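Notes for the one structure printed next.
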Amino acid sequence: MIQSFVITGFLGVGKTTMLLNTVKKYFSDRKVAIVVNEFGDIGVDGNILSNVYSEVLEISEGCICCQLAQEFESGVIEIMNKYNPEIIFVETSGASEPFPIFLSLQNLGIAVEGVICVVDAKNMHSYIDNSTAKYQIGGSNIIVLNKTDLVTDIELAIVKQNVIAIKEEYNIKNNLTGKMIFDRYVVDYAQQGLLNKEVFEGVYRVDDIIGLANEYQQNDHTTRASITQKVAYLKENIEFSDVDAILNSLPKSIYRVKGVVKTTDVPNPIVINYSFGDVSFEELDSYTQPSIMIFIGENIDKDVNDLVAQFDYLNLPLFKVKK
Ligand SMILES: Nc1nc2c(ncn2[C@@H]2O[C@H](COP(=O)(O)OP(=O)(O)OP(=O)(O)O)[C@@H](O)[C@H]2O)c(=O)[nH]1
Ligand SMILES: [Mg+2]
């Protein structure tokens, strides 16, 4: 039976980083396939992951837990047929809920060994009022407090308390029996998404809940979420300092920026990763598409328009972006 792990967690918490670091460290002797779904019309993570792994399936332009459930299942079947993987990792978008994905995998006859929810220990307080973030914790059985390098021990202890309180409240139940789906869970810590290996050892396996799939009410949570995204293109290659200038001018409503940008002063394309004020850059070996920046946040349309008006090298597409 093929094994799988679902990796969930809010926008920018470190899911892709976990895939890059942990999977390489612990699963390099296994045939691994990765499915990645991003919040946004265009995927940045797919490009990053494809630079490291060859078997990456990217599903963007929607959410695999609701609108794209069908596409997700056919994508997984395709990846099974093509690569015959031993283990599949699914990175859900930061705006998805994990349980429907868990059910889809079980329906396809794939063993879900764990639903991992990555939590940003530094920035959790900024996003935890979002109901999707709470359902992500409730629908997981391995909760990882990541970015521990950015908090003190006391702050970390508080985050853990808050996470446990949310878990108790949002822990998913079987509606028919009232019983918890995951009767136990672990809370672990990570830096750069690097987990302890024991977390992956299958001890949390959940069997025999396939029947639930039929009763589960599909819930299009995107209708109640106010998170939106907007893509901007770069008209020309800019200087690296221009990227900084944009990031330093972001309004509070924009809390996540991802992008790949070609600059005049760095040889390789640069991946921009900004979440809640923290920023990192990384060079990418290969990237053949146009330079883009994706802005994500709460009702950001006007704020992105203002930003684009401020920086004349940013350009909004005239039509909705298609891959
Ligand atoms: N300081 C610090 N930064 C981290 C850590 N883990 C991840 N990051 C940074 O956090 C940012 C977001 O990481 P990603 O792995 O892209 O987050 P994600 O959850 O995949 O984001 P989305 O897919 O957009 O929801 C990047 O700049 C990472 O380098 C960590 O443990 N410590
Ligand atoms: Mg990601």
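Here the sequence shown is numbered in my numbering, starting from 1 and rising by one per residue.
Every residue gets a Cβ at the ideal spot worked out from N, C-alpha and C, and that includes glycine.
Every value quoted in this text rests on a predicted model; they were computed, and no experiment measured them.
Selection from the options that minimises the alpha carbon distance to residue i
| i | options | result |
| --- | --- | --- |
| Y353 | S280, V261, R256, I270 | Outside the displayed span of the chain (1 to 323) sits residue 353, for which this structure offers no information. |
| A165 | Q191, I181, K134, T177 | K134 |
| E38 | K25, F10, F102 | F10 |
| I238 | G46, K197, F311, E169 | F311 |
| K230 | E61, S4, D278 | E61 |
| S291 | P317, F276, T16, D278 | P317 |
Contact belief for residue i with residue j at Cβ below 8 Å, rounded distance in angstroms
| i | j | result |
| --- | --- | --- |
| I167 | I137 | The displayed chain sequence assigns Lys, not Ile, to residue 167. With 8 Å as the limit, K167 and I137 qualify as a contact, their Cβ atoms being about 5 Å apart. |
| V6 | T92 | 6 Å |
| I272 | V243 | 6 Å |
| V266 | F240 | 6 Å |
| F182 | N196 | At roughly 19 Å, the Cβ-Cβ gap does not stay under 8 Å, so F182 and N196 are not in contact. |
| I87 | S4 | 7 Å |
Local conformation of residue i per DSSP, three classes
| i | result |
| --- | --- |
| L20 | helix |
| T152 | coil |
| G259 | strand |
| N214 | Note on N214: pLDDT 47, under 50, position unreliable in the model; no value is reported. |
| K323 | Caution applies to K323, whose pLDDT of 45 falls short of 50 and renders its modelled position unreliable; the value that the coordinates give is listed next. In the structure shown, K323 sits in coil (DSSP, three-state: anything other than H, G, I, E or B). |
Host alpha helix (DSSP H) of residue i (start-end)
| i | result |
| --- | --- |
| M80 | 69-83 |
| M293 | Looking at the DSSP string, M293 is not in any alpha helix (DSSP H); the run it does join, the beta strand (DSSP E), is 292-298. |
| A95 | That residue, A95, is in no alpha helix (DSSP H); it is neither H nor E in DSSP. |
| S131 | 131-138 |
| I48 | 45-50 |
Residue-level contact to chain B via CB, residue i, 8 Å cutoff
| i | result |
| --- | --- |
| Q229 | You won't find chain B in this structure, because it holds only one protein chain. |
Same chain, Cβ closer than 6 Å to residue i, five either side skipped, listed in chain order
| i | result |
| --- | --- |
| T152 | none |
Boundaries of the beta strand (DSSP E) in which residue i is found, first to last residue
| i | result |
| --- | --- |
| N146 | 142-146 |
| N248 | Premise fails: N248 lies in the alpha helix (DSSP H), 240-248, not in any beta strand (DSSP E). |
| A329 | What the structure shows of the chain is the stretch from 1 to 323, and residue 329 is not part of that stretch, so it cannot be assessed. |
| L234 | 227-234 |
| A111 | 111-120 |
7 Å CB neighbourhood of residue i in its chain, flanking five on each side removed
| i | result |
| --- | --- |
| Y274 | L247, R256, V257 |
| N299 | S226, T228, S253 |
Nonlocal neighbours in the same chain, by C-beta distance under 8 Å from residue i, ignoring five residues either side
| i | result |
| --- | --- |
| G14 | V118, D120, N146, K147, A190, Q192, G193 |
| E215 | Reliability of the predicted coordinates at E215 is poor, the pLDDT of 48 falling under 50, and no value is obtained from them. |
| E78 | L57 |
| D285 | N51, N268 |
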